[in-house]
Ligand SMILES: Cc1ncc(COP(=O)(O)O)c(C=O)c1O
Ligand SMILES: Cc1ncc(COP(=O)(O)O)c(C=O)c1O
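Residue numbers (our numbering), protein chains in the order written: chain A, 124 to 540; chain B, 124 to 540; chain C, 230 to 376; chain D, 230 to 376.
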């Protein structure tokens, strides 16, 4: 794990210095949201202490400064995902809103009665429910590609579903439950061959792997700042050049208009057409600091670090009695979200017990009920890693899991303290 | 102006200590967004340094802590507007999104072909465009109540428009251009008598006047945290008890579901049904600190302070040569957003010149193009006051305006420095 | 390790060593007067409660279900505490459990062994697990009262 | 006041004392070969530019419009600088003005008095006001080239 200077990185994260339940905090819930480095927190403070103003309309110094800082982050986002134009970057609240934006602003105009949208059984609810709502509005049909027992996407099943009636294929890039990285370029080629567009849910890939939207070949790419060192309240929707221009507005209001008349209005240029009302200015600017931080580390190094710790985690977990891992074992095709079950212990019990050792993991359906049903489990435990996690964190997790197993399996428990 | 201890308040706002263009910053663009007190900035830092976690689903300590802090703010919001139940408070990004939420989640189901929505000519674009989009989707008709020459809403014209076909009356509580406070209770009675619902755009009232949604009698109330000491990225939609339950979801995704099945899903309880995806957790929690700050000052005292400084501003502006004020002069029926024109000087020129004296005012159409047309001006200047503004700020503004007028009206300008 | 002993181990140990491994009254009744189900959609916990109520008396009671140890142990304890008791007493115990779990009220003497659930009140996110079977019981008492 | 003299006063004074009070070539041409309009929807500035182009030469030019002093003065300066010049020279001046306002390139000698617009580059939010008439001119040159 020499790809990142983890000790130095940990030093940048104030929250990691705190104790939880009298223990060192071991934060392994990074697929839910990541912690924030000092640089990001400082950017927020700096913004509110020196710049804060509403953007785009103001002529005074603070308004100009805030507008410049806000707009500059679009360029950083574009750079992070290999996009050519920052005008194709729309700021939303989160991945969920980005996908809903496409479902309304593109879907309502392009999906009709009997048209099909292809998803997969490993999608997050945020990449299912917006399409269910669209399907209900328009009489469209949803189709779900299967997941193989090894936790990879069943490409044959996907191929069989993509056809003449398919308008959109919307798939997750990296599963938040299984860790699986899907072959998006291949899927995009399949979809495009049938004239369908492709949306990629990048909520778990944007934080963890080097990205290039051209290589991915998708039409839409959605992700969240809060899962990649940035503040809560900022999401991104990227669209292929020219695509946003063809779309109807999503939310109406200030900032997104050109001329408003009683009977109707004309719209501002993209991306502003899709950013109605006062945006989350401060957090977008602080997200810029998060992107700087990641660029400084290098996404290749981030990926290598996570491959190493994920491989170690899979190995250590596999050695624990009664532990089953859900998802591929080969770290070449997966990221650092590691789901597992422990025989005879409900995930909620596991989570509560390891929490008492300062270890934060997630237990539940991970907003992926279809996948839980496919896996045949009510819920799973999930440990997910990021740049500040190291071998010691992993060891603490394993030790805490050992205790949980002990509590549930040995009558001969230690006497109460 | 003894209602607030302004000197002490100023001390709480780090940004006010800075110089702009070599001058003391005089921030008079509060209707666009307000500055943030130390307490709010500290709450953000505190959250990210000790609590940060995703909410609602997690079992670990940080997740529980974050969930509790987030949910506690609903109660503070309810208290601020006199609402009985915090479950009727939905967090959005801003006022604009709150209104769009109603237009989609209530409007799409309740407004049909030929139905009418009554607005006024003094609405902000955010309370116009969502209804234009709804009208286009549903074949509904928009009607605009007139504004009188004195800047008040023409209630007779409104009354004449509200009839059998009216489904909704949506009006601004306090105009962001004229300062006018509209008699919402009277309007609500009119609307309810015809079976129409009432939405109140409280973006400018929630920060500035004591509120009680019961007394207002409205069905929906929308506002933004960033205009009331809170961070950017947080808005509120309040709905009358029972109303949210009857509404369709707006955005689909994580958090807002109960059970997800391939063919369709069931929804979480309100308000969660309307908060899809990871919310803007940190900023909602910091908004709690803003609400605490206002509660501590007392909204009655805030209102009295603003009445005093607004009266002084109107008097001082009226005495300047060539200055015309748009909006009521009686501070009993208006707030502290003061729009004015200066003969022969375009507002953009005024704004640029006063900015060089450190004074931030806004120039433009203030997202109210219909009102600009009604007033017969392309744009106005607007100074808007808040709790940290004092007589000295007002004097600096007046002095800077004097300079602007001098530059434009005297051939005998001082020689260049 | 010099860090303090994690506090929840004990709580779990107490619960689990007993009710989790040897659940009381687990199964279905042959002729229940009331059969009620409850699901916690958030975490998937499920409980089915069978009641045999005659003349204001809970003559027999049984549960089945799946989910975390807290929901299952709580159901087991419920059946143990209320078997053979009057409906009136059940209602009293029910409100005592609710007060303990939701408001953190210290358990009164009528809760008996149920006081060992008190630790759950310190785990707010798990309270709904512990309450599940009690909410199902409430439905049962309501329909018994209605009948 | 001991604070430094605000820097934009001078900029305004220079512009305004001259072109704002005595705009050059304000009005409409009787027989323009090209009449073009531009609006800045964000701030409402409007410019109408009339051109009389014969044999690659701008024989006459005039403007009307409304808006802030920067948009109106810039238009006045444009007409003064380009009246009687060749289309080729106009294109050169146009790109010089753009470079100065957008990229902050110091004005070359061919800009002449237009160099006094340089101060606008320090006011990024006002650059579009200064550029409005030049963008309209671009449309005119394009259509002249197309004709
Ligand atoms: C009266 C009024 N309504 C709506 C808005 C829109 O608020 P936001 O931009 O926060 O959505 C504003 C502020 O710009 C306003 O003043
Ligand atoms: C794969 C995936 N998609 C979508 C989301 C939704 O992200 P957000 O809650 O930020 O909208 C998440 C995270 O929860 C995710 O992991």
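Ideal Cβ placement from N, Cα and C applies to all residues, glycine included.
Ligand 2 heavy atom lying under 7 angstroms from the CB of residue i
i, result
"residue 341/A", "no"
"residue 576/A", "The requested residue 576/A does not occur in the structure, where chain A is confined to residues 124 to 540."
"residue 315/D", "no"
"residue 403/A", "no"
"residue 218/A", "yes"
"residue 331/A", "no"
With 16 other Cβ atoms within 10 Å as the buried cut-off, status of residue i
i, result
"residue 257/C", "exposed"
"residue 453/A", "exposed"
"residue 277/C", "buried"
"residue 519/B", "buried"
"residue 255/A", "buried"
"residue 295/A", "buried"
"residue 535/A", "Annotation note: pLDDT 41 at residue 535/A (below 50); position unreliable, no value reported."
"residue 207/A", "exposed"
"residue 331/D", "exposed"
"residue 338/D", "exposed"
"residue 358/C", "buried"
"residue 252/B", "buried"
"residue 338/B", "exposed"
"residue 264/D", "exposed"
Residue i: CB within 7 angstroms of a non-hydrogen atom of ligand 1
i, result
"residue 492/B", "no"
"residue 249/B", "yes"
"residue 324/B", "yes"
"residue 307/A", "no"
"residue 205/B", "no"
"residue 233/A", "no"
"residue 295/B", "yes"
Between the CA atoms of residue j and residue i - distance to the nearest angstrom
i, j, result
"residue 247/A", "residue 466/A", "25 angstroms"
"residue 250/D", "residue 477/B", "21 angstroms"
"residue 159/A", "residue 173/A", "21 angstroms"
"residue 286/C", "residue 305/C", "19 angstroms"
"residue 528/B", "residue 182/A", "18 angstroms"
"residue 310/D", "residue 532/B", "26 angstroms"
"residue 201/A", "residue 363/C", "53 angstroms"
"residue 372/C", "residue 366/C", "10 angstroms"
"residue 165/B", "residue 136/A", "17 angstroms"
"residue 316/A", "residue 241/A", "14 angstroms"
"residue 276/A", "residue 244/A", "9 angstroms"
"residue 205/A", "residue 363/A", "12 angstroms"
"residue 354/B", "residue 285/A", "44 angstroms"
Under the three-state DSSP convention, the category residue i falls into
i, result
"residue 290/B", "strand"
"residue 203/B", "helix"
"residue 278/C", "strand"
"residue 343/B", "strand"
"residue 129/A", "helix"
"residue 231/D", "With a pLDDT of only 45 at residue 231/D, under the threshold of 50, the placement of this residue in the model should not be trusted, and no figure is reported."
"residue 343/D", "helix"
"residue 240/A", "strand"
"residue 246/A", "coil"
"residue 89/A", "Residue numbering for chain A in the displayed model covers 124 to 540; residue 89/A lies beyond these limits and cannot be assessed."
"residue 208/B", "coil"
"residue 298/A", "coil"
"residue 267/B", "strand"
Minimum length 3: unbroken beta strand (DSSP E) runs contained in the stretch 432 to 481 of chain A: 446 to 449, 460 to 465
Within the stretch 134 to 196 of chain B, ranges of the alpha helix (DSSP H) (whole runs, at least 4 residues): 161 to 173, all fully within the stretch 134 to 196 of chain B.
message: For a minimum of 4 consecutive residues, which ranges assigned as the alpha helix (DSSP H) are wholly contained in the stretch 264 to 317 of chain D?
response: 298 to 311
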